[in-house]
Amino acid sequence: MASRVLLQCVRSLGRPSLRLSAANLAVRATAAPAAARRPLSFAADSRRPRWLGQSSIPSVGVLCRQYGDLPPLTLETIKDRVMYVLKLYDKINPEKLQTSSHFMKDLGLDSLDQVEIIMAMEDEFGFEIPDAEAEKLMSPGEIVQYIADKKDVYE
Amino acid sequence: MATAYLTHQQKVLRLYKKSLRHLESWCVFRDKYRFYACLMRARFDENKNEKDMVKATMMLKAGEEEFWTRQHPQPYIFPDSPGGTSYERYECYKVPEWLLDHWHPSEKAMYPDYFSKREQWKALRNQSWDKEVAQLQAETGIEGIKTEALPPARKEGNLPPLWWQFVTRPRERPT
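If you're matching them up, the sequences are chains A and B in order.
At position 83 of the first sequence (counting the first as 1) the number is 83 in my numbering, and the numbers step up by one without a gap.
Every position in the second sequence, counted from 1, becomes a number in my numbering once 1000 is added.
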């Protein structure tokens, strides 16, 4: 996923009209885990003809750092990603899902389902949630608060 | 969790999570993993309504043994977890907050908003320290403490015990 983001960064530098913005990266970052992992060669092949058609990269009009890190998290993006992942889960009714809905009482899920949800959150955000704290997270709002606490968002 | 022992439900859930993670390490492709994860979930689901605790504990023991024999030799560990690549990598850059008092005034002038309020926060900490210690001593029983979890503030106007350590903890990724 990181290589795909980097390819898109380089591609958009070659296109002077497209400005590299955090919003683009955030959208791609949310879309990437939901899509199936396509083999890398296929993605590179589909992009290569378009990229080679560009001339050399112009002098930087877009001032941005090119370190290899994810865009910074905000409370809204964390909440959007958590709700997106939860809506993809087939045992949850997307209309009934709210930030404060309890997994067991409101949505009628099992403790095994809650473990699966926490595992999906770990996969989404890329860090592990220990079991002792994971078994207490029973609603999307609590998950958002926990992730914001661990990642120092709006501390 | 109040006590130091795990309940049967907690042990089963931990076994489920461990087995799914190792399954993910074995089945690299996502659709294959999803298929075997559903089979694993079905195995846990068919026994979940067992009422006899002896039988349930024997099943859990058999499950743990099966997990041990079938685990992955190099499972995927998240970078920030113990055993991962980035575990405690930035620990050396996490500086305690009392060093802020040793900054040069020209450095402190770069953050005037924070340092103007810092003295008040420190005064607040000194005020509430005795009350925090008193609360902790009152709540620790004869046997001593069982968990690391801190209690919240019980009385109105008190701050939770050891709040200073929590509030001034360093960031996860110090810049």
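Positions of the beta carbon are idealized from the N, C-alpha and C atoms, including for glycine.
Considering only Val1167(B), Lys1155(B), Pro1151(B), Arg1169(B), the residue with the shortest C-alpha distance to proline 1161(B) is Pro1151(B).
Of all residues in the segment 130-153 of chain A, only Pro130, Asp131, Ala132, Ala134, Glu135, Lys136, Lys150, Lys151, Asp152 come within less than 9 Å of chain B when Cβ atoms are compared, listed by chain position. In the three-state DSSP reduction, asparagine 1126(B) falls in the helix class (H, G or I). Think of a sphere of 8 Å around the beta carbon of glutamate 1172(B): the chain A residues whose beta carbon falls inside it are Lys150, Lys151, Asp152, in chain order. Closest by C-alpha distance to arginine 1030(B), out of Glu95(A), Met83(A), Pro94(A), Ala120(A), is Ala120(A). Distances from the CA of proline 94(A) to each of Met104(A), Met83(A), Ser100(A), His102(A) were compared; the closest alpha carbon is that of Met83(A). When C-beta atoms of the segment 1047-1055 of chain B are compared with those of the segment 1095-1104 of chain B, fewer than three pairs fall below 8 Å, so the two segments do not count as touching. Closest option to methionine 138(A), judged by alpha-carbon separation, among Gly126(A), Asp90(A), Asp69(A), Leu112(A): Leu112(A).
The residues Leu1015, in chain order, have a CB closer than 7 Å to that of glutamate 1064(B) in the same chain once the five nearest residues on each side in sequence are set aside.
Taking the beta carbon of lysine 1032(B) as reference, no residue of chain A falls within 8 Å; the closest one sits roughly 12 Å away. Within the segment 1008-1040 of chain B, the residues whose Cβ lies closer than 7 Å to some Cβ of chain A are Gln1009, Gln1010, Leu1013, Arg1014, Tyr1016, Lys1017, Leu1020, Arg1030, listed in chain order.
Assigned with DSSP and collapsed to three states, isoleucine 118(A) falls in helix. Excluding five sequence positions before and after glycine 1084(B), the CB atoms of its chain that fall closer than 7 Å to its own CB belong to Ile1077, Phe1078, given in chain order.
Between glutamate 128(A) and chain B, the shortest Cβ-Cβ separation is below 8 Å. Residue state for arginine 1154(B) is assigned as coil, using DSSP reduced to three classes. The segment 1131-1145 of chain B makes no contact with the segment 1108-1116 of chain B: fewer than 3 CB pairs, one atom from each, lie closer than 8 Å. Against chain B, the beta carbon of glutamate 122(A) has neighbours under 8 Å at Phe1078, listed in chain order.
In this structure alanine 134(A) is buried. Its beta-carbon is surrounded by 16 or more other beta-carbon atoms within 10 angstroms.
Pairing glycine 108(A) with valine 115(A), the inter-Cα distance amounts to about 14 Å.
With fewer than 16 other CB atoms across the displayed protein chains lying within 10 angstroms of its CB, glutamate 1088(B) is exposed. Secondary structure at isoleucine 147(A): helix, using DSSP grouped into helix, strand and coil. Here DSSP, grouped into helix, strand and coil, assigns glutamate 95(A) to helix. Think of a sphere of 7 Å around the beta carbon of phenylalanine 1115(B): no beta carbon from chain A falls inside it, the nearest being about 18 Å out.
For phenylalanine 1166(B), no chain A residue has a C-beta closer than 9 Å to its own C-beta; the minimum C-beta separation is roughly 10 Å. Burial check for proline 140(A): the Cβ neighbour count within 10 Å reaches 16 or more, so the residue is buried. In the structure shown, lysine 1017(B) adopts helical secondary structure according to DSSP, grouped into three states.
At a cut-off of 8 Å, the C-beta of methionine 119(A) has a neighbouring C-beta in chain B. Residue contact with chain A for phenylalanine 1067(B): absent (no Cβ-Cβ distance below 8 Å to any residue of chain A). Scanning Thr1007(B), Arg1173(B), Gly1157(B), Arg1070(B) for the CA closest to the CA of glutamate 1091(B) turns up Arg1173(B). Pairing serine 1025(B) with histidine 1072(B) gives a Cβ-Cβ distance under 8 Å.
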